[in-house]
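Number of protein chains: 2
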Amino acid sequence: MDHLETRELRYFVAVAEELHFGRAAVRLGIAQPPLSRAIRQLEHRLGVRLLDRDRRGAALTGAGEVLLREARAALDAVAAAARRTQRAGDSKRPLVLVTKAGASHELLQRLLGVLADEPGAPPVEVLLCEVGEQARLLRDGSADVALMHRPFDDLTGFDTEDLLVEGQIALLPAGHPLASRDQLTLAEVRDVPGLPIARWPRLDGSYPDGPGPQVRTQSQLAQLVALGRTLLVIPASSRAWQWPDHVAVPVVDAPEATTVIAWPPSSRSREVASLVRSAAGLRGTAPPVHPPG
Amino acid sequence: MDHLETRELRYFVAVAEELHFGRAAVRLGIAQPPLSRAIRQLEHRLGVRLLDRDRRGAALTGAGEVLLREARAALDAVAAAARRTQRAGDSKRPLVLVTKAGASHELLQRLLGVLADEPGAPPVEVLLCEVGEQARLLRDGSADVALMHRPFDDLTGFDTEDLLVEGQIALLPAGHPLASRDQLTLAEVRDVPGLPIARWPRLDGSYPDGPGPQVRTQSQLAQLVALGRTLLVIPASSRAWQWPDHVAVPVVDAPEATTVIAWPPSSRSREVASLVRSAAGLRGTAPPVHPPG
DNA sequence: AGCTCTGATACCGGCCCGGTATCAGGCGGT
DNA sequence: ACCGCCTGATACCGGGCCGGTATCAGAGCT
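The structure is reproduced here in structure tokens:
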């Protein structure tokens, strides 16, 4: 058996995602017949049936599901190789640090402040992304390091260093009965009448069933809270993006949220190591969870 | 910029490892001119110089070193995609568990025993490898799970579950003065006259400098100990491969060794999950470190 | 039956990969 | 200084494979 080419993997991923040869071909910018042939060759090469063709499209076999998952990871690795190599070519390129927009704002500010003061520190470019995108940007080489949050983000496959452990708060619309409380419990927050928890898209882009509004970005979420349509429980440091119409109330029994700095285990460059060291130096200097007074 | 193909990565890795276009071409089974052209195209495509050509061969640039590391990881991921897909095609294929030959022998025996008794457990094929090979076999899809040892093995990029924490022992030639001791300390074991620590090959195949003998396999090592040429400090459970000519003495202040079960984060199949669960069920049943009596 | 939508097949042209032959240049030996 | 020798680079050619167009085959629907 000789080696797979990324072209074959890209073609397969397109078909597996569209479950339709014609649409996949359009997405790839080629015609349908060569695509059918390529998939057939791939199946023959691997000796495994990947798709069950049908009059109304195609369906993944068990092996096809495995290959879809593996192929995505492999393509990310190849893309990462290209991106990281190109960035290694630019001498004195900045490191890219990615974080969820709005999360861990104080920590990030302090980190950037420390780096600005240190003469030897590498320049850092901050890339803000939406929820759940950090892992992909880190995996495919678009970013060098990420601030992520345990237990919310998927940290598998990364090296991490804990930076900050904090409690969580409920973010409520100002004026809501619960907003005047000093503290809340998870049981009180769950199933609040008229304030269902918002629903995030799954990895495949579909939404779970439920009563809450569908959201895709944090600004959508922030506005929905301000409009009195939903509430959320988030790490205390996310208060940074609190609106005037928001009220934050500590949730005393919520699991602790840990902010970590994460990087791909393969990229152990001096610059990344230095950045991680600077970040680790901030550990234990968490601001108080409750506002003073 | 369009996409890299694995062919280009394989070619580059060959050249980067050989540092010689001619030898790399032989290894790849192609002629030298197309290889030179392919590398040149790759450099042009990435917009980065990867190799400094020279009258006596080639040398990696900084970007080249990055690409070598990344390309190896990417090629492993692609190979893993192929292997895992093929194995997914065989219905009721056994899971492959890889471990260092001789390590954690009792734990492995107990694990296999438990799995044999459980009716729903997946069949397991055991693959024994040499030191440091587990990570690669796991990464490239040749194995589904591995028994590895912290802090000795490189666990980056894998999900793990701790199975067994144990002390370490010194394995000495029978008849050596230290062999009659009840226990030893690291300081005593270090720099024993006439018993230098053996040297293992680095990732690139070269050996570090030092007085000890060069070894590549555990059986070489075992024999060298029996011959009175070296000593080693290993987890207590590795006594399983103790020879009659070996004597094991606990090293009281050696760092603890943890046996973990590891698997690629991408392969979260039911079978792997079930195997990990069975293995985790053995936790805390470590045999005593000191032989009874 | 006929339309439509699916993927499969047939065939052809162009590109790119890989081979052979050759070149260019630095180094070492006598 | 000459000549081999080794390095990678260049030139050119042939074939295979990829991708395009045209067409087929079969099932569901009206």
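Taken in order, these protein sequences are the chains called A and B. Each residue of the first sequence is one higher than the one before, counting from 1291 in our numbering. Each residue of the second sequence is one higher than the one before, counting from 1291 in our numbering. In this text, a Cβ means the ideal position worked out from N, Cα and C, and glycines have one as well.
Span separating the alpha-carbon of V1505(B) from that of I1524(B): 15 Å
Uninterrupted alpha helix (DSSP H) stretches inside the stretch 1380-1438 of chain B (no shorter than 4 residues): 1395-1407 and 1424-1429
Closer than 6 Å: A1570(A) CB and nearest the ligand SAH heavy atom: The ligand content of the structure shown is nil, which means the ligand SAH is not present either.
Test: D1430(A) CB closer than 7 Å to a CB of chain B: no
For H1536(B), the residue or residues it bridges with in DSSP: P1463(B)
P1586(B) vs Q1473(B) beta-carbon contact at 7 Å: Residue numbering for chain B in the displayed model covers 1291 to 1583; residue 1586(B) lies beyond these limits and cannot be assessed.
Alpha carbon of R1345(A) to alpha carbon of G1319(A), nearest angstrom: 23 Å
Contact set for A1304(A): own chain, Cβ-Cβ below 7 Å, skip 5 residues either direction: A1314, R1317 and L1318
Proximity test, Cβ basis, 7 Å: A1569(B) and chain A: no
Per DSSP, cross-strand counterpart(s) of A1547(A): E1456(A)
Chain-order list of residues whose beta-carbon lies under 8 Å from that of T1475(B) (same chain, five-residue window excluded): V1541, V1542 and D1543
Per-residue DSSP class, three states only, for I1320(B): coil
Opening and closing residue of the alpha helix (DSSP H) in which V1515(A) lies: Q1508 to A1516
Runs of beta strand (DSSP E) lying entirely within the stretch 1342-1384 of chain A, each at least 3 residues, in chain order: 1347-1350
Rounded distance between the beta-carbons of L1398(B) and I1551(B), thought under 8 Å: I1551(B) to L1398(B), Cβ: 10 Å. No contact.
Per-residue contacts from H1293(B) into chain A (C-beta, under 9 Å): T1296, R1297, R1300, L1365, V1368, A1369 and A1372
Whole-number beta carbon distance between L1514(B) and T1520(B), since they are thought to touch under 8 Å: 5 Å
Whole beta strand (DSSP E) elements within the stretch 1467-1505 of chain A, 3-residue minimum: none
Close Cβ partners of A1321(A) (< 7 Å) along its chain, the five nearest in sequence each way excluded: A1315
Identity of the residues DSSP links to A1552(A) by a beta bridge: A1436(A) and T1450(A)
Host beta strand (DSSP E) of L1572(A) (start-end): L1572(A) -> no beta strand (DSSP E), and no H or E assigned at all.
Below-7 Å beta-carbon distance, V1316(B) vs any chain A residue: no
The stretch 1352-1363 of chain B in contact with the stretch 1374-1381 of chain A per 3-pair CB rule at 8 Å: yes
Spatially closest choice to H1310(A) from E1423(A), L1385(A) and S1326(A), by CA coordinates: S1326(A)
Any chain A beta carbon closer than 7 Å to S1528(B): no
Inter-stretch contact at 8 Å, needing at least 3 Cβ pairs: the stretch 1449-1466 of chain A / the stretch 1454-1466 of chain B: no
Close Cβ partners of G1500(A) (< 8 Å) along its chain, the five nearest in sequence each way excluded: P1486, I1487 and R1489
Beta-carbon spacing of L1340(A), L1357(A) below 7 Å: yes
Alpha-carbon spacing of F1302(B) relative to A1328(B), whole angstroms: 8 Å
Residues that S1326(B) contacts on chain A, provided the C-beta gap is smaller than 9 Å: Here the premise fails: no neighbours, minimum Cβ distance about 19 Å.
Contact list for V1562(B) against chain A, beta-carbon separation under 9 Å: By Cβ distance, chain A contributes nothing, its closest Cβ being about 12 Å from V1562(B), past 9 Å.
At least three beta-carbon pairs within less than 8 Å, the stretch 1384-1392 of chain A to the stretch 1561-1569 of chain A: yes
Within 9 Å of chain B by C-beta, residues of the stretch 1463-1487 of chain A in sequence order: none
9 Å Cβ cut-off: residues of chain B touching L1357(A): A1371, A1372, R1374, T1375 and A1378
Top-ranked residue by Cα proximity to W1553(B), from S1432(B), P1491(B), R1529(B) and V1404(B): S1432(B)
Chain-order list of residues whose beta-carbon lies under 7 Å from that of G1392(B) (same chain, five-residue window excluded): Q1508, S1528, A1530 and W1531
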